[in-house]
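Letter by letter, the sequence shown follows residues 3 to 863 in the numbering used here.
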Amino acid sequence: MILALSCARIEAATEYPDNQTPATTRTIKVSADIEGSGDETRARLDGVRVLWEDGDAIRIMADRNRSGGTTKAVTETKELTVVLNGTSQGLSIKVNKNSGTGYVRYSYVKVIIGGVDRTAEVCTNKGNDYKVGIYGIDQTYKFAAPCETISAEINSNGVIPLAQSSSKSGLTSSYTAVITYRGLEYSMDGSNWTAITESTTLTDGTSWGKSNVGSYQWEAYDPSGEPVDWTLSLSGGAGTTCGEFTGSTSSSAEIGDDQAVVAVFPADAMKDYSNGIVTVSLPQTQTWTAGSFGKKADIMAGTVRSVEGTDGADETRLSAQLSNLCGVLQLLIKGDGRGVDRIEVTDRSGAPLWGTASIPVASLGNGISTSMLTAAQASTVVLDCRGAFIGSDEATEFDIVVPDGAFSQGFDVRIVCDDGCVKTLGAGGSKNTIVRNDIKKMPVITVDAAGMTEPEIDLSNDALKAYMSYGKYSSFGATSYFGTYASTLTAALCTDQDRPAGLDIRWGGDENGTYTVTLSDETKGTDVYTARTVTGNTTSFYNMIPGHRYTYEVKDGARTVRSGSFRTTGQVRMVRIDDSWNWRDLGGWESTLGGTVQYEWLYRGGSLNGTWHGGAQTVNTIAIASNYTFSEAGRQQISDLGILSELDLRGKTGDGQDWSKEAGMHSRSILEPHIPIAKTDYKQLMTDQGLQQPLSEYSVVQDVAWLIDQVVNENHPVAFHCKSGADRTGAVGMIVLALLGVDPGDIARDYELTTLSHEKLILNGASAFQTRRADQTGYAFFKNGFTTNTEIRVNNKDYTLSTQEQAYYYLNQQFASSGVAISSADLDSFIKKMLGGASGYSHPEWATDHKYSLSEIYNKQ
3 MILALSCARI EAATEYPDNQ TPATTRTIKV SADIEGSGDE TRARLDGVRV
53 LWEDGDAIRI MADRNRSGGT TKAVTETKEL TVVLNGTSQG LSIKVNKNSG
103 TGYVRYSYVK VIIGGVDRTA EVCTNKGNDY KVGIYGIDQT YKFAAPCETI
153 SAEINSNGVI PLAQSSSKSG LTSSYTAVIT YRGLEYSMDG SNWTAITEST
203 TLTDGTSWGK SNVGSYQWEA YDPSGEPVDW TLSLSGGAGT TCGEFTGSTS
253 SSAEIGDDQA VVAVFPADAM KDYSNGIVTV SLPQTQTWTA GSFGKKADIM
303 AGTVRSVEGT DGADETRLSA QLSNLCGVLQ LLIKGDGRGV DRIEVTDRSG
353 APLWGTASIP VASLGNGIST SMLTAAQAST VVLDCRGAFI GSDEATEFDI
403 VVPDGAFSQG FDVRIVCDDG CVKTLGAGGS KNTIVRNDIK KMPVITVDAA
453 GMTEPEIDLS NDALKAYMSY GKYSSFGATS YFGTYASTLT AALCTDQDRP
503 AGLDIRWGGD ENGTYTVTLS DETKGTDVYT ARTVTGNTTS FYNMIPGHRY
553 TYEVKDGART VRSGSFRTTG QVRMVRIDDS WNWRDLGGWE STLGGTVQYE
603 WLYRGGSLNG TWHGGAQTVN TIAIASNYTF SEAGRQQISD LGILSELDLR
653 GKTGDGQDWS KEAGMHSRSI LEPHIPIAKT DYKQLMTDQG LQQPLSEYSV
703 VQDVAWLIDQ VVNENHPVAF HCKSGADRTG AVGMIVLALL GVDPGDIARD
753 YELTTLSHEK LILNGASAFQ TRRADQTGYA FFKNGFTTNT EIRVNNKDYT
803 LSTQEQAYYY LNQQFASSGV AISSADLDSF IKKMLGGASG YSHPEWATDH
853 KYSLSEIYNK Q
């Protein structure tokens, strides 16, 4: 089926100001007639038709004006075109010498073999490790790159080789090699060069003693002229069967009587056209279009068949005919309401389905076959299906453009849904060969949960993955990864990366409809999002727990429109709270005491004052409670996380502000009566001095006492924070992780993750690191606070302490004389609960079971 452009017109307007370069406007009007059925455009393949659309463009190209004679001015550049079409042929430059070394160079070379442009793959810069020309087409090509000096031995016949083919080249009269040289020169000594012209004696193969070269000819072109290369954009006719394309150029390029003219649609598919060869590119990824194939995948090409002359000085008429270069595979898929992310189709024989193909103009009507494509590892083509759904009522159509001859041994299909579920099918048999200009329609495929690969969702975002990939530090205070690897972990990567990766899902339904979404944690056996109301047909899941299995269901009333399941992976559990920043779960770190710190008990982060108000926000304005309204989404996230207690670590001198509740500068947002949290507790302890003078100021011990009381006695998950969630929050996090037996190198990593916070992005309106590094601010507290007591003496006995024991000593002994010392019973209960039992754990021999209650400790003035 051929798409005829029966009235392709180029009109040239010649009005322009005096003494200025003419600005030429050309308009092409396309009216297509398919088999006399009336005007249609693009393609019609068994009912699949796409009309012209906004943004469409067509490209018209022609070679430079040429002449086959030798009467051009001497300033013009000459081309030598050699055609090899025998079994063993050669062409040489005759010189007055029969030994030694000769030299050849050229400014341009193009090699077309069997109609395919092989220039890029056959040219090399490997010195003299080649001869000039072709040395076995099915072995190794031996061309030098342009502008390289080539040395070649002058043989006894007195010739320098220029082009050759061995007896193994496989060239025939129908399978030729066409080599075009430009700027050819030769030299006897490598310094004095002689241009090769028509008067240069060229042998016909005597240096190899074989048959004549098929043909060679000189051509000339005007180096100051320009080849025709017009890209014309749709200016009228969108949505109809007749489009008008308009473009402008300030060049003097015109179509001469001796030029072959080629048109390609879409315009960006054409990569090159010269020497009678059209080079086009088939995309690796196509975009799904409802009821048709992807717009950019629909490649047509053809010649502008005649130049009819001009109608006056301002119009040129052309008559063109375009053909579809490929065929179409049509998949019909039913499912359970899932959104489809992509469909991957792989040729079982390994034949390429995308890449670059070079086609002789005379063969355009034959289209593109798999054997013409040059891309390596190109046997899989991808259809980007975002926006498509597969429902159970009616099959969804997916059309994929592929080259002629594809799937001669069948194909495999991999369907990737938007939740990561994968369905792999051996859908094609041995009789599914694609034919150019035709559609291969396949039987309906049904995709549902049965047999699907359950996806694993990595909850780590890209910046977190990059950071964690470096492994743990050798010790706390070792050189920071954010410093050492600054070229990799850049501000552009890290800023605004303190939130977890999530899962987005879609379903085929009313974009304005109301649906009920339930996300269930199968590992825990509880619903996380129960009866969540969603407006629209998309939703996102965040704040899942690593290592758990989840199921979800979307309902329209009583009818299920989407369901699925997935598992989560990752270690660090970042947490999304929309009205704040720098939140993460303190769980997930391995303990030297055995086991792993449990998720869902301790959350550390930035301010919980409420919503940010635009880029004008500054550090000094975030304290004002009246500036904030904690959003419903933020409150819901806190509720979903199960947080029932809040510890505010900001003191009266923090950031030059009085952050105390007495000053009215803390909104206690999550404790407001209208928030749907069953029970909440709130505590504000001043930690500024505890951070700066940890050996004389005991407020950090009070902070930990309150956390232990909430977790162990009240069974409450706790959120503790300061303003940024960096230093004061970091100090409490460090001593808790140390108490739980986390390696100092991992404690350093947890502290440094504040570098990914988006707080500075909000405050400064620009990407910037928080620059919290374990060898800087945090190291001072960690070292001065409780790593100094490595050697102690208790009850006349000396002890050398591990990092875990140092933290234990700090909390249990450091301020015992002041009555701020957490008993061993409370510390042990906390350790065992946070490590999921830790059945083999026993406290240090010197530990003391003090009489002070936790409430007495954290309420002490």
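Ideal Cβ positions, reconstructed from N, Cα and C, are used throughout, including at glycine.
Residue span of the alpha helix (DSSP H) that contains Y736, given as start and end: Going by the sequence as given, residue 736 is Met instead of Tyr. Where M736 is concerned, the enclosing alpha helix (DSSP H) stretches over 729-741.
Residue interval of the alpha helix (DSSP H) (run including G238): It is not in any alpha helix (DSSP H) - G238 instead sits in the beta strand (DSSP E) that spans 230-238.
Unbroken stretches of the alpha helix (DSSP H), 4 residues or longer, contained in the stretch 808-836: 826-836
contact_flag[the stretch 445-460, the stretch 348-361] where n(CB pairs < 8 Å) is 3 or more: no
Run of the alpha helix (DSSP H) containing Y544, from where it starts to where it stops: Taken as a continuous stretch (DSSP letters only), Y544 belongs to no alpha helix (DSSP H), as it is neither H nor E.
Boundaries (first-last residue) of the alpha helix (DSSP H) holding P746: 746-754
M190, DSSP secondary structure in three states: coil
First and last residue of the uninterrupted alpha helix (DSSP H) at D464: 464-470
Pairwise C-alpha distance: D506 and I640: 20 Å
Length of the line joining the Cα atoms of D338 and M444: 20 Å
Distance, G527 Cα to R534 Cα: 18 Å
Contact check, L604 vs V424, beta carbons under 8 Å: no
Beta-carbon proximity of S522 to T553, cut-off 8 Å: yes
6 Å Cβ shell around T865 - same chain, five flanking residues per side excluded: Lying outside 3 to 863, the shown extent of the chain, residue 865 is not represented and no answer is given.
Beta-carbon proximity check, K96 vs T233, cutoff 8 Å: no
Close Cβ partners of N21 (< 8 Å) along its chain, the five nearest in sequence each way excluded: Low confidence applies to N21: its pLDDT is 32, below 50, so where it sits in the model is not reliable enough to give any reading.
Contacting residues, own chain, Cβ-Cβ under 7 Å from F478 (five flanking each side not counted): P746, G747, I749, A750, A776, Y781, F784
Cβ separation of A59 and L186, assumed to be a contact under 8 Å, to the nearest whole Å: About 37 Å; that fails the 8 Å criterion.
Residue range of the unbroken beta strand (DSSP E) whose run includes Q91: 91-96
Integer Cβ distance of I162 from V106, believed to fall under 8 Å: 6 Å
Whole-angstrom C-beta distance between A353 and A299, which should lie under 8 Å: Their Cβ separation, rounded to whole angstroms, is 17 Å, which puts A299 and A353 out of contact at 8 Å.
Among G329, Q499, V264, L333, the one whose alpha carbon lies nearest that of G293: L333
Residues that DSSP places opposite G357 in a beta bridge: L284
W210, DSSP secondary structure in three states: Residue placement at W210 is flagged as unreliable, the pLDDT there being 46, under the threshold of 50; the coordinate-derived value follows with that caveat. Three-state DSSP puts W210 in coil, outside helix and strand.
Neighbour-count burial assignment, S844, 16 or more Cβ in a 10 Å radius: exposed
Range of the contiguous beta strand (DSSP E) that encloses D414: 413-419
Short Cβ contact (8 Å threshold) for G85 with T178: In the sequence as displayed, the identity of residue 85 is Val instead of Gly. It is a contact, given that the beta carbons lie within the stated cut-off.
Three-pair Cβ contact test at 8 Å for the stretch 696-714 versus the stretch 818-830: yes
D729 burial status per 10 Å Cβ neighbour count (16 or more: buried): buried
Neighbour-count burial assignment, S476, 16 or more Cβ in a 10 Å radius: exposed
C-alpha distance - A315 paired with D231, whole-angstrom precision: Its pLDDT being 39, under 50, A315 is placed unreliably in this model, and the coordinates cannot settle the point.
Simplified DSSP assignment, three categories, for K297: helix
Sheet register partners of V449 (DSSP bridge): Looking at the DSSP assignment, V449 forms no beta bridge with any residue, so it has no partner.
N130 versus N368 - alpha carbon distance: Only weak support is given to the placement of N130: the predicted model assigns it a pLDDT of 45, under 50, and the value that follows is read from those uncertain coordinates. Their Cα atoms are separated by approximately 40 Å.
Three or more C-beta pairs below 8 Å linking the stretch 803-818 and the stretch 837-852: yes
Beta-bridge pairing of T802 - partner residues as DSSP gives them: E793
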